[in-house]
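The sequence shown begins at 11 in the working numbering and counts up by one. The beta carbon of each residue, even a glycine, is placed where N, CA and C say it ideally should be.
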Amino acid sequence: MVPNPTIAVIPAASQGADEPYSFLCSFDTIFLIDDSGSMAGSRWKETADALETITPICTAHDADGIDIYFLNHANSDFYHNVTDAGTVREIFQTVLPRGGTPTGQRLNQILKPYLRGYEKNPDTVKPINIICITDGEPSDDVESPLIAAAKKLDKLDAPAWQIGVQFFQVGRDEVAKRHLKQLDDGLGEIAGDDDLRDIVDTVPFTGAEGTHLSGDGILKVVLGAVNRRLDRKKGEDLHR
11 MVPNPTIAVI PAASQGADEP YSFLCSFDTI FLIDDSGSMA GSRWKETADA
61 LETITPICTA HDADGIDIYF LNHANSDFYH NVTDAGTVRE IFQTVLPRGG
111 TPTGQRLNQI LKPYLRGYEK NPDTVKPINI ICITDGEPSD DVESPLIAAA
161 KKLDKLDAPA WQIGVQFFQV GRDEVAKRHL KQLDDGLGEI AGDDDLRDIV
211 DTVPFTGAEG THLSGDGILK VVLGAVNRRL DRKKGEDLHR
């Protein structure tokens with residue numbers, strides 16, 4: 011990953027309050043939501059609230075809206091072109107958390123066809139920013155599809171920001187936190203390739219009860235996996 015060139019060339023004094031989000035127009039934003047049984051209750055509400063907050067920022071820079079996938083929900087594999095927070099609320103009232111956490115399987119279903127399309131038409135396929143909101147450790151192999159995607163991107167000499175995968179943890183599960191951090195900081199080590207490109211970022215929700223994501227926190231969530239400067243931000247600074 012490399013620093014955002016769009017942000018880098020804008021003098022600080024000329025940046026408006028909304029300017030840091032301008033890089034979003036370069037991406038299709040995909041949310042992958044953990045709807046496992048452990049997400050029921052307060053965590054489901056917390057996830058819905060976070061997504062309602064983030065959605066208007068994403069859609070203000072992408073007229074196509076966002077796509078929403080769930081790990082288990084089979085009634086509709088995904089919701090396409092979601093453009094407002096009200097629709098997000100309706101979706102979360104319809105989907106009921108249940109089942110396991112097959113994060114790797116679902117990521118593979120998103121990444122493989124995308125990479126096939128990119129390989130065929132690299133000049134026309136828009137980069138994607140996948141934001142996975144989860145409370146726990148995956149119940150399957152999530153490392154393999156991430157490593158395979160990073161290796162494929164390296165082989166194709168794709169831009170550093172072609173794919174970003176952001177894991178945003180809700181809840182305070184320490185085991186999950188350590189596992190997600192390993193995906194962020196140690197994917198190359200797991201792959202046995204120190205030069206493997208970094209496509210993963212993780213953010214734990216560290217705010218106290220009743221707090222919400224700050225503006226900086228929202229920016230970290232939506233761009234952290236594709237912007238190295240934001241990737242270095244500390245999670246403790248993200249809530250108010």
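- A straight-line Cα-Cα distance of about 10 Å links Ile157 and Leu163.
- Here Gly174 carries a strand assignment [DSSP, helix/strand/coil].
- For the pair Leu81 and Glu153, the CB atoms are not nearer than the 8 Å cut-off.
- In this chain, the beta strand (DSSP E) harbouring Ile40 covers 38-43.
- Just so you know, the alpha carbons of Asp194 and Lys187 end up roughly 11 Å apart.
- The C-beta distance from Ser48 to Gly146 rounds to 6 Å, short enough to fall under 8 Å.
- Per the coordinates, the alpha-carbon of Asp74 lies some 20 Å from the alpha-carbon of Ala58.
- In the DSSP assignment, Asp77 falls within the beta strand (DSSP E) that extends over 76-80.
- The DSSP-derived three-state label of His90 is strand.
- The beta-carbon distance between Thr111 and Asp44, rounded to whole angstroms, is 6 Å. This is short enough to meet the 8 Å contact definition.
- For Ala160 and Val210, the gap between their C-alpha atoms comes out near 10 Å.
- Considering only Ile140, Lys122, Val213, Asp208, the residue with the shortest C-alpha distance to Pro155 is Lys122.
- With a cutoff of 8 Å on beta-carbon distance, Thr113 and Cys142 are scored as near each other.
- Here Asp150 has Pro112, Gly114, Gln115 as same chain residues with Cβ atoms under 6 Å from its own Cβ, once five neighbours each way along the sequence are excluded.
- Ranked by Cα distance from Thr97, the options Val213, Glu129, Lys130, Thr63 are led by Thr63.
- With a cutoff of 8 Å on beta-carbon distance, Leu34 and Val232 are scored as near each other.
- Burial of His189 is indicated by the presence of at least 16 other C-beta atoms within 10 angstroms of its C-beta.
- Counting along the chain, Cys142 sits inside the beta strand (DSSP E) bounded by residues 138-144.
- Take Pro148, set aside five residues on each side of it, and the residues of its chain with a beta-carbon closer than 6 Å to its own are Thr111, Thr113, Gly114, in chain order.
- Within the stretch 99-123, no beta strand (DSSP E) run of at least 3 residues lies entirely inside it.
- Residue state for Thr134 is assigned as coil, using DSSP reduced to three classes.
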